[in-house]
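Q: Before I ask anything, here is the structure I am working with.
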């Protein structure tokens with residue numbers, strides 16, 4: 020059967036009008052993966068004046084869109100004038116309430132089985148974690164109390180010194196104290212994580228050796244690339260990995276001496292950590308949220324105010340300035356994990372390795388500590 024010229028032109032026009040029917044879809048680089056942020060949060064930076072974390076539809080929607088399976092959220096006392104123990108108990112109760120009020124979106128994580136459940140049920144797993152153990156007071160058995168409340172990560176110090184040892188900004192590099200050893204024993208007994216983020220060098224080395232279980236540094240950078248106190252030396256990174264632990268690289272300004280980190284800096288620090296620790300011990304702990312700032316220029320005033328307050332309280336670290344951003348400028352928003360995965364694959368890292376970095380290694384470490 021022959022077709023006249025008018026019919027051929029009509030068929031060609033119809034085919035051109037429906038290219039979406041045959042155009043291939045872009046591959047999702049993290050499809051099917053368990054993506055875990057070893058230290059992050061669920062927050063909206065566009066509302067910096069809120070006194071407490073509030074779960075809004077935008078925050079939850081962005082978290083789901085990002086592909087993130089679970090996140091270690093900081094709760095409890097970090098610094099300030101509040102009573103460390105009382106404020107921490109109240110904060111854990113508050114987060115429990117948020118989980119109860121958002122059962123379709125949030126799931127509290129106790130074990131690695133809960134991470135798998137969050138993935139299956141399309142929820143965001145919340146891992147309760149501390150960034151200071153000052154709330155232990157003089158009683159190491161308080162670890163038991165908080166472990167029973169579902170806290171799974173115990174960071175020993177913040178930037179300053181506490182009764183366990185020295186933080187990264189303590190004037191003396193004080194190692195692990197006898198009380199710190201008691202606290203680690205209780206954390207081990209409760210099968211929770213000992214986290215040495217923000218710590219001084221000596222307490223990190225001491226804790227890695229004292230702990231009967233592997234330890235973690237959930238959010239840090241590499242001192243060999245950027246010589247700032249918040250980053251870890253190769254000696255610390257290597258010992259943590261040799262003991263079976265986990266190291267998470269953050270998306271923070273400390274990755275670049277300019278105070279403005281980029282995605283390329285994140286990749287560089289991940290690659291250095293891979294060389295030092297091996298591909299089974301490196302992940303991400305962004306130290307940030309998912310929801311992006313709508314107006315960065317307008318938000319600079321809030322960042323300046325926050326920096327001034329941190330300086331006044333003595334908790335600011337070298338690398339923090341009034342003009343720095345607490346994130347990688349080009350690695351923000353719900354697409355940050357997919358972009359990082361693509362960048363790593365473009366650098367020649369195999370998908371299986373990238374999957375480990377985005378969540379597989381943390382899951383392995385968590386299974387070793389928490390159990391299945």
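Residue numbers (the working numbering): 20 to 391.
Cβ atoms here follow ideal geometry from the backbone N, Cα and C, with glycine treated the same way.
All values derive from a computational prediction rather than experimental measurement.
#1: How about the stretch 219-231 and the stretch 167-178: do they share at least three Cβ pairs that are nearer than 8 Å?
#2: Can you tell me which of 95, 79, 99 puts its alpha carbon nearest to the alpha carbon of residue 118?
#3: How many angstroms separate the CA atom of residue 195 from the CA atom of residue 334?
#4: With distances taken from CA atoms, which of 259, 218, 265 is nearest residue 247?
#5: Which of the three DSSP states, helix, strand or coil, is assigned to residue 279?
#6: Can you tell me the Cβ-Cβ gap for residue 377 and residue 356, rounded? I've got them flagged as a contact below 8 Å.
#7: Please check the pair residue 336 and residue 106, which I expect to be a contact at CB under 8 Å, by giving their CB distance rounded to whole angstroms.
#8: Tell me, to the nearest whole angstrom, how far the beta carbon of residue 280 is from that of residue 362; I am working on the premise that it is less than 8 Å.
#9: Pick from 73, 181, 48: whose alpha carbon is nearest that of residue 103?
#10: Shorter than 7 Å, the distance from the beta carbon of residue 351 to the closest heavy atom of the ligand HEM, or not?
#11: Please identify the residue among 251, 318, 312 whose C-alpha is closest to the C-alpha of residue 288.
#12: Confirm, please, whether the CB-CB distance from residue 146 to residue 171 is below 8 Å.
#13: Just how far apart, CA to CA, sit residue 47 and residue 167?
#14: Taking Cβ positions, are residue 268 and residue 239 nearer each other than 8 Å?
#15: Within the chosen definition, does the stretch 259-273 reach the stretch 309-320 through at least 3 CB pairs nearer than 8 Å?
#16: Rank 210, 153, 227 by C-alpha distance to the C-alpha of residue 129 and give the top, closest one.
#17: So, helix, strand or coil for residue 62, using DSSP?
#18: Tell me the start and end of each unbroken alpha helix (DSSP H) in the stretch 64-120 that is at least 4 residues and wholly inside, in chain order.
#19: Kindly list the residues whose CB is nearer than 8 Å to the CB of residue 111, restricted to its own chain and excluding five residues on each side of it in sequence; keep chain order.
#20: So for residue 163, helix, strand or coil by DSSP?
#21: Residues in its own chain within less than 6 Å of residue 347 by CB, not counting five upstream and five downstream?
#22: Which of helix, strand or coil does DSSP assign to residue 129?
#23: What three-state label does DSSP hand residue 331 in the structure shown?
#24: Determine the DSSP secondary structure at residue 222, reduced to helix, strand or coil.
#25: Where does residue 183 land, buried or exposed, given buried means 16+ other C-beta within 10 angstroms?
#26: Just to confirm, are residue 272 and residue 344 a CB contact at a threshold of 8 Å?
#27: Among 342, 368, 249, 114, which residue has its Cα nearest to the Cα of residue 185?
#28: Expressed to the nearest angstrom, what Euclidean distance is found between the alpha-carbon atoms of residue 353 and residue 142?
#29: Leaving out five residues on either side along the sequence, give the residues of the same chain with a beta carbon under 8 Å from the beta carbon of residue 382.
#30: What are the partner residues of residue 56, as DSSP defines its beta bridges?
#31: Would you call the CB atoms of residue 229 and residue 258 closer than 8 Å?
A: Looking at the atomic coordinates:
#1: yes
#2: 79
#3: 20 Å
#4: 218
#5: coil
#6: 6 Å
#7: With 8 Å as the limit, residue 336 and residue 106 do not qualify as a contact, their Cβ atoms being about 23 Å apart.
#8: Not a contact, Cβ separation roughly 14 Å.
#9: 181
#10: Within the structure as shown, the ligand HEM is missing, as the structure has no ligands at all.
#11: 251
#12: yes
#13: 38 Å
#14: yes
#15: no
#16: 210
#17: coil
#18: 76-85, 103-120
#19: 94, 95, 147, 165, 168, 169, 170
#20: helix
#21: 270, 280, 281, 282, 285
#22: coil
#23: helix
#24: helix
#25: buried
#26: yes
#27: 249
#28: 15 Å
#29: 53, 55, 131, 134
#30: 90
#31: no
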